[in-house]
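Colleague: In my numbering, the protein residues as written are 72 to 582. Note that the Cβ used here is the ideal one computed from N, Cα and C, for glycine as well. Encoded as C-alpha cells, here's the structure I'll be asking about.
Written as C-alpha cells, this is what we have:
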C-alpha cells in the first residue's frame, strides 16, 4: 500500500460519522451526561441519554421515543436555569452537544451552525475564519440550541440587535399528526410555506415545536457572496472598565444613587445611533455576603473617544455617591475578551433565577426594597441582581417581527441567588421569591407590562410565574413572556406539533 493510500484510508476513517449513542444508567458516562445542567437543583433520570451526531440520527431517535411513548427533552449547552430539561418525567434525553459544526453555506449565502455548538466556539470560528460574528450572549459555554430559540442577546445587541435578528433559517425535527418525525428547513423568506415555524423559533423558547439541529445566520439586507460581508464585524479591540463599591462603604443613599443613576443613564442613552451604541455593561448588585456592587462595562476600543465615553459613563453612574469606588481599565483584543467566562460560580451550583425587562430604571420604592434584601447580614446566599444594557438596534425591530416581543426596553434584569447545601434549598428559594415579589409588589409580584416593565425573558425561565401563590397579578405567565405574540405561537404549535410531543413546564400549548 502506498503512503497516499494509507493517508486516504486514515482520512476516510477520521470522517466516519459515529452511530447515535444510547447511554443508560449503568453506563459510567450517564452521570456526566445527566449532570451537565447548569443548576445543581435539577438532575434528570431519563431511561437513556441519546448522544446524536446527525439530523438523520435525531429523526430516528425521536421516532423511537414517540413510538415507545417516552417523553423527550433536548440538551445543547446545558444552561437551562429551571427544571425544564431535567424533569423527572423525561424518559429520553437527546444530547446534541456533539453536533457542533460551524461553516459557511454558499448555497444559502449564510453561516451554518449546528445546535450543539457553544457560543464561544461560534464566536471563535466565525471571527478567525471570516472576521464576523453574531450578537449573542456573554457566557461562552452557553449552547446555541436554546439560546437562539429564546431570543438571544448579549454585548453587541445595542449595536447590532438580538441574535435572532440575524437568523435566516433553521432545520428542525418535527412530529406530524401520524406520529412520524421528519426534518424540515424553515426560512425567513416571505414565500416560504414553513416561514411560521422559522418565526416561532425567533424567541418562542426551546423545547416547544421540535428538535433544532441546525441554524443559518445572515444579516437581513446583506448582499453578495463574500462571507465577510454577511454578518456584523466585531470591534478589533474592547476597552473594558469596572467600578467596584464595597458593601462596607455603602449606605442606603449611596446604593440608591448608583441604581438610580444607572437606570436614568440607560433611559437617556439607549436609542439606536447613540454614541453609546457600542457600549455594553452589567451592574452587578451583589449582596452583603458577596461584599461588592460592581459596574462592569465595555465599549468598542477603536472609537476615537472610547476612553472619554467610558469615563463619562462611569462618572454618570457614580454621580453623588459618597462611597469610594475602585476603578480599573484595560484594553484587549475582541476575541480574547469575549471568550472569558464571567460566571463561574464554583461550588455554589444550586440556584434560583428570575428575569425582567425594564423600560426605565427602578423607582425609589423598588430600590429601597433591593437595598433591604441585599444588605441583610443574616442572608448568606451568594445573590446578585444583574442589570444588563439593552436597547439600541434591538429596539428598532417590530414586536411581531420575531416571536420575542419586548422591543422598547433599556435594561434586562437577571435575579440570581446561589448556594451549595441542598438542605438549604427551601430557605434560599423563599428568599429569592420574596425579594422578587416585593420588588414588583405594585403589579402583583411580577413585572407586568406598563410604562416601567415589559414582562420577562423566556431564556430566564421561572416556573413561579405560573404559580398563583407568586403571581397574583391576574396576568398569565404566557403574556409575561410573549405578550400579544402568544396566540400566533399557539397556532404554530397546533400546526407543527399537533400531538404535543415536545412539552415542559413552561411550554407553548395549542390552546
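(1) Secondary structure at residue 169, three-state DSSP: helix, strand or coil?
(2) Where in the stretch 193 to 260 do unbroken runs of the beta strand (DSSP E), each at least 3 residues long, occur, reported from the N-terminal end onward?
(3) From the DSSP output, in three-state form, read off residue 489 for me.
(4) So residue 152 packs on residue 201, CB below 8 Å; how close in whole Å?
(5) Can you round the beta-carbon distance between residue 130 and residue 255 to whole angstroms, since I take them to be within the 8 Å contact cut?
(6) Around the C-beta of residue 44, are 16 or more other C-beta atoms found within 10 angstroms, so that it is buried, or is it exposed?
(7) Taking its Cβ as the centre, do 16 or more other Cβ atoms sit within 10 Å of residue 423, making it buried, or is it exposed?
(8) Consult DSSP for residue 459 and reduce its assignment to one of helix, strand or coil.
(9) Skipping 5 residues on each side, what residues in its chain have a beta carbon closer than 6 Å to that of residue 409?
(10) Report the residue ranges of all beta strand (DSSP E) runs contained in full by the stretch 272 to 305; include only those spanning at least 3 residues, in chain order.
(11) Could you check which residue in 113, 132, 112 and 126 has the C-alpha nearest to that of residue 120?
(12) Could you give the uninterrupted runs of the beta strand (DSSP E) lying entirely in the stretch 391 to 440, keeping only those of 3 residues or more?
(13) Going by other Cβ atoms of all chains shown within 10 Å of its Cβ, with 16 needed for buried, is residue 275 buried or exposed?
(14) Kindly identify the DSSP beta-bridge partner or partners of residue 182.
(15) Roughly how many whole angstroms lie between the Cα atoms of residue 335 and residue 511?
(16) Cβ atoms of residue 371 and residue 357: under 9 Å apart, would you say?
(17) Quick one: Cα of residue 90 to Cα of residue 123, how far?
(18) If you drop the 5 nearest sequence neighbours on each side, which residues of the same chain put their C-beta closer than 8 Å to that of residue 115?
(19) Ends of the beta strand (DSSP E) at residue 378?
(20) For residue 125, tell me which candidate among 171, 205 and 421 has the shortest Cα-Cα distance.
(21) Look at residue 420 and residue 347 and say whether their C-beta atoms are less than 9 Å apart.
(22) Is DSSP giving residue 329 helix, strand or coil here?
(23) Skipping 5 residues on each side, what residues in its chain have a beta carbon closer than 7 Å to that of residue 377?
Modeller: From the atom records:
(1) As a first step, residue 169 is located in the chain shown; it is residue number 98 there, counting from the start. Residue 169 falls in the coil class under three-state DSSP.
(2) Annotation: the stretch 193 to 260 contains the following complete segments of the beta strand (DSSP E) (minimum length 3 residues), in chain order: 238 to 246 and 252 to 258.
(3) Within the chain shown, numbered from 1, the residue matching residue 489 stands at position 418. Here residue 489 sits in strand by DSSP.
(4) Position 81 of the chain shown, counted from the start, is the residue given in the question as residue 152. Position 130 of the chain shown, counted from the start, is the residue given in the question as residue 201. With a contact defined as Cβ atoms closer than 8 Å, residue 152 and residue 201 miss out at about 32 Å.
(5) Position 59 of the chain shown, counted from the start, is the residue given in the question as residue 130. Position 184 of the chain shown, counted from the start, is the residue given in the question as residue 255. The C-beta distance from residue 130 to residue 255 rounds to 11 Å, too long to meet the 8 Å contact threshold.
(6) Lying outside 72 to 582, the shown extent of the chain, residue 44 is not represented and no answer is given.
(7) Numbered from 1 along the chain shown, position 352 holds the residue referred to as residue 423. Buried is the call here.
(8) Position 388 of the chain shown, counted from the first residue, corresponds to residue 459. If DSSP states are grouped into helix, strand and coil, residue 459 belongs with the strands.
(9) Stepping through the chain shown from its first residue, residue 409 is reached at position 338. Excluding positions up to five away in sequence, the list reads 194.
(10) Counting only runs of at least 3 residues, the stretch 272 to 305 fully encloses the following beta strand (DSSP E) elements, listed from N- to C-terminal order: 282 to 288.
(11) What you label residue 120 is simply residue 49 of the chain shown in a count that begins at 1. Here the closest residue by C-alpha is 132.
(12) Complete beta strand (DSSP E) runs here, min 3: 397 to 404 and 421 to 429.
(13) Here residue 275 is taken as the residue at index 204 of the chain shown, counted from 1. Residue 275 should be labelled buried.
(14) If you number the chain shown from 1, residue 182 lands on position 111. Its beta-bridge partners are 175 and 288.
(15) By one-based count along the chain shown, residue 335 stands at place 264. By one-based count along the chain shown, residue 511 stands at place 440. Here the alpha carbon of residue 335 sits roughly 19 Å from the alpha carbon of residue 511.
(16) Looking up residue 357 in the chain shown gives position 286. Looking up residue 371 in the chain shown gives position 300. No, the Cβ-Cβ distance between residue 357 and residue 371 is not below 9 Å.
(17) As a working note, residue 90 is residue 19 in the chain shown. As a working note, residue 123 is residue 52 in the chain shown. Going from the Cα of residue 90 to the Cα of residue 123 covers about 7 Å.
(18) Counting from one through the chain shown, the residue named residue 115 turns up at place 44. The beta carbon of residue 115 lies closer than 8 Å to those of 105, 108, 144, 156, 157, 158, 159, 161 and 164 in the same chain, with the five residues before and after it left out.
(19) For the purposes of this step, residue 378 is taken as residue 307 along the chain shown, with counting starting at 1. Counting along the chain, residue 378 falls outside any beta strand (DSSP E), though it belongs to the alpha helix (DSSP H) covering 377 to 389.
(20) Here residue 125 is taken as the residue at index 54 of the chain shown, counted from 1. Looking from the CA of residue 125, the closest CA among 171, 205 and 421 belongs to 171.
(21) By one-based count along the chain shown, residue 420 stands at place 349. By one-based count along the chain shown, residue 347 stands at place 276. No; because the gap between Cβ atoms is not below 9 Å, this pair is not in contact.
(22) Sequence index remark: in the chain shown, residue 329 carries index 258 (1-based). Of the three classes helix, strand and coil, the one that applies to residue 329 here is helix, per DSSP.
(23) Here the question's residue 377 lines up with position 306 in the chain shown. These residues qualify, in order along the chain: 310, 370 and 371.
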